[in-house]
Each structure stands twice: as C-alpha cells, then as structure tokens.
Amino acid sequence: MKVSSAFTLTEILVVVGIFALLMSFSLVVSLDIYRGDSFRGEQDVIISILQKARSQSINNINETSHGIRFEPDQYVLFDGDGGEVEFPMNTKVTYQDMASDTVTFKQLSGNTDSGIDFTFKITNGAKTSAIEVTSNGTINWDIIP
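Right, here's the structure in full:
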C-alpha cells in the first residue's frame, strides 16, 4: 500500500478560501481606518486655520482683523487688508448647518466679528464632526457618534 503525504485539492482550496476571506476583511478594516484618519486630519486642518486666524487677530498682525472663508474645495485664511492664503481641501467634506461661509475675528480681542456663536458640521458621509466658534472666539469641536 502506497502512503501519500501530499495535500489534496480540497485542502488547498479550503486554505486559499480562508486566506482570501481574511485578506478581504483586513482590506475593509484598512479602508475604514484610512477614511477615519483622513477625516480627522481634515478636521484638524480646519481647527488649526481657525486658531491661526484668531491668533493673528489677537496679536494684531498687520493691524487688522483676520478670518477664514470656507469654499467648496479650499479654505481661505484672510485679513482685513485683502491678504489671502489658500489651503486646498485634502479630503472631500461637506458642510451642514452653516449660517455663513465666513468666520472673522476682531483684532486684539479675538471675538467673532458678528458677536454670535457660529456652529457648523462637517461630514464625509461616514463620520460627522461639530465645530463651534463662540462669540468670544473659543473654538470647540467634537466627533458626533
């Protein structure tokens, strides 16, 4: 009687099937992690630009107010003298509940120019973040579950 120590076709197909299943699961998890990281990165960019505009207003850079304007594909940091710096959007986000597309901070105080709280949401379809700029210039943010 001949003893065979080779793998059968069925065993090989089962192992390949399990391997393919594990790879597809890890791909889905990796893409979800990437989308979450890129969304948080975009949120951090918006918050950093808001903080920069407020800081420049408080420090009276160019002796004028500063602000940020939200456009469909970029953020624009501007000052009252017409100077602008454009920041392209890295991840596509949409804005919700925006009363205005511009937040301006008063020079020296850092309060918002309008004197009212400014709250808006950004979303990439899967995640949503609420960003609030209070009338005294405080910037708050939170991921909405």
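83 is the number of the first residue of the sequence shown in our numbering; add one for each residue after it. Where is the CB? At the ideal position from N, CA and C, for every residue including glycine.
For this session: Would you mind reading off the limits of the alpha helix (DSSP H) that contains residue 93?
Result: 91-140
Exercise. Which ranges would you report for the alpha helix (DSSP H) in the region 140-223 if only whole runs of at least 4 residues count?
Worked result: none
Exercise. Distance, Cα to Cα, residue 106 vs residue 99?
Worked result: 11 Å
Exercise. If you drop the 5 nearest sequence neighbours on each side, which residues of the same chain put their C-beta closer than 6 Å to that of residue 168?
Worked result: 156, 158
For this session: Please report the Cβ distance between residue 165 and residue 142, rounded to the nearest whole angstrom; I am assuming they are in contact, meaning their Cβ atoms lie under 8 Å.
Result: So it is not a contact: roughly 14 Å between Cβ atoms.
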